[in-house]
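Asks:
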Amino acid sequence: VTITFVEPDGTEKIIEDAVVGESLMNVAKDNGVEGIWGDCGGGCACGTCHVYVDEKWQDVVGKPDDIEEMTLDMVTEAQQDNSRLCCQIQVSPELDGVRLTVVPAE
Ligand code: FES
Numbered sequence: 004v005t006i007t008f009v010e011p012d013g014t015e016k017i018i019e020d021a022v023v024g025e026s027l028m029n030v031a032k033d034n035g036v037e038g039i040w041g042d043c044g045g046g047c048a049c050g051t052c053h054v055y056v057d058e059k060w061q062d063v064v065g066k067p068d069d070i071e072e073m074t075l076d077m078v079t080e081a082q083q084d085n086s087r088l089c090c091q092i093q094v095s096p097e098l099d100g101v102r103l104t105v106v107p108a109e
C-alpha cells in the first residue's frame, strides 16, 4: 500500500510498502518521516502524530472518534476539519495512494 506523507518542510515522502494493519504512525516512524514523533506510542494521548488528510481522501480515511477528537482539542491549536492522529488510522487496501500532511507538534 502506498502512502505519501508531506513533511513540514514540504518534502514528499512516498512509502510504497506499508503493511496492511499497521498504524500510519508506525509506518511514518519506521520510514523516518519528519515531524511524526508518536511520543505516546500510539495511545491517542500525545498528539505528536497529527496529520491533515488530503481533501479528496477524507471520506475514505474517515473522521476521528470522540476520544481522538478530545485529544486533538487538548493538544493542538492547529486542529482543522481534516485533522487526524495518524496512530489511530490503520493501513488498509482502500488507503492505497493516500496523501497526508504532517502537522508539526506545538
Ligand atoms: Fe500519540 Fe498518536 S502517537 S496520539
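The opening position of the sequence shown corresponds to residue 4 in the UniProt record's numbering, with each subsequent residue numbered one higher. By construction, the Cβ of each residue, glycine as well, lies at the ideal position given by its N, Cα and C atoms. Note that the coordinates shown come from a computational prediction; the quantities given were computed from them, not determined experimentally.
If you measure from the CB of ASP42, is any heavy atom of the ligand FES nearer than 8 Å?
Replies: In the sequence shown, the residue the question calls residue 42 occupies position 39. Checking every heavy atom of the ligand FES against the Cβ of ASP42, one is found closer than 8 Å.
Asks: As a quick exercise: from ALA21, ASP33 and ASP12, pick the residue whose alpha carbon is nearest that of VAL101.
Replies: Position 98 of the sequence shown holds residue 101. Of the listed residues, the one whose Cα sits closest to VAL101 is ALA21.
Asks: Is it true that the CB of THR74 sits closer than 9 Å to the CB of VAL106?
Replies: Numbered from 1 along the sequence shown, position 103 holds the residue referred to as residue 106. Numbered from 1 along the sequence shown, position 71 holds the residue referred to as residue 74. Contact: no.
Asks: At which residue ranges does the UniProt domain "2Fe-2S ferredoxin-type" (4 to 109) contain complete alpha helix (DSSP H) runs of 4 or more residues, listed in the order of the chain?
Replies: With a minimum length of 4 residues, the continuous alpha helix (DSSP H) runs that stay inside the UniProt domain "2Fe-2S ferredoxin-type" (4 to 109) are 27 to 33, 61 to 64 and 69 to 78.
Asks: Which same chain residues, not among the five before or five after CYS47, have their C-beta less than 7 Å away from its C-beta?
Replies: Counting from 1 along the sequence shown, the entry for residue 47 is found at position 44. Closer than 7 Å at the Cβ level, and outside the excluded window around CYS47, lie ILE70, GLU71, THR74, LEU88, CYS90 and GLN91.
Asks: Consider the C-beta atom of MET73 and the heavy atoms of the ligand FES; say whether any pair is separated by less than 8 Å.
Replies: One-based indexing of the sequence shown puts residue 73 at position 70. Every heavy atom of the ligand FES is 8 Å or more from the Cβ of MET73, so no.
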